[in-house]
Every structure is written in C-alpha cells, then in structure tokens.
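20 is the number that the UniProt record's numbering gives to position 20 of the sequence shown; each next residue is one higher, with no gaps. Each remark here refers to the structure printed beneath this line.
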Amino acid sequence: MDQSFHYLIMINQALFQKKALSGLMEIGLTPGQPKVLDYLVRHDGSMQKDIAYGCQIDPATLTGILARMEGKGLVERRMMDGNRRSNYVYLTENGREKEKKVAEIFLEIEEEVFKGIGKEEREQFMNVFYKICCNMTDTEGLQ
C-alpha cells in the first residue's frame, strides 16, 4: 500500500466517512449536520458566518444545512435587534439529544480506529495531527 501522506489521509478520510455516514444516516442526519451540532454545543447562539468559519463550510452551503436542520427541529434561527442580516443559531433540545448520539457514534469509531494503539502514541498522533490542521488554516478556525 502507498504510504505517502496524501494517499493515507485520503484513504483514512474515505474509510472514516463511510463508517460515520452509516451511523449518522441511522439517526437521520446528513453530511455537514454533525459538525454544525458539535460546533453549536460549544458555541450556542452563534452567528451563521461564525459557524461557517468554525466548521470550514461555505456560507451558502451552511444556509441549506441549517434550513434542513431547522426543518427537523434541531436548531432555531433568531434575529437579534430586528436586524435580518444577523441570524443567531441555537440548538433545540432535540438538537442537543441528537448531538449526544453523534458523540456516541464518533466515540465508537475512535475506539475502533485506535485499537491496539497506546495512550502515549495516540496523544502524540493527535498533537501532530492538530499541528497539521493549524498549518492548513489559522488556529482560530479550529474551534
């Protein structure tokens, strides 16, 4: 197997996504929605532009994701001070419950992925992986 960085990152991303999407479809989520839920758990009441930036999603794409999530009762958008350009997004109780299920799915996948890898080696990998992410974007985008 090719062990170049680009090949390994592509194949791991594809395998992870395939496994994750299977579990996420079972709970009624589509791609893009889990990272928005995860972001809002930590930053509830965020502006759409901040969510797009924090999730590395195009703002126009996020608008569609949020519309579907709002339709499912996962989030609600509120205007502040009557300014239609300032939509703030909040998790609903249903959204919080769904995010807990997402966290469980990802925890199961992580346990499988790191099987046979010791704590120290795992921490070292995560530190290096985080540095790679920081090199590809500014660290403020990795909230």
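Beta carbons are placed, not taken as given, at the ideal position from N, Cα and C, and that holds for glycine. This structure is a prediction, so every number in the text was calculated from the model and none was measured.
Pairing Ile132 with Glu123, the inter-Cα distance amounts to about 14 Å.
DSSP lists Glu76 as the beta-bridge partner residues of Tyr90. A contact between stretches requires three or more CB pairs, one per stretch, nearer than 8 Å, and the segment 22-40 meets this requirement with the segment 91-111.
Spatial neighbours of Asn87 in its own chain (CB-CB distance under 8 Å, excluding positions within 5 residues in sequence) are listed in chain order as Met47, Gln48, Arg77, Arg78, Met79. For Ser46, the three-state secondary structure derived from DSSP is strand. Our two residues, Glu111 and Gly82, have alpha carbons roughly 46 Å apart in a direct line.
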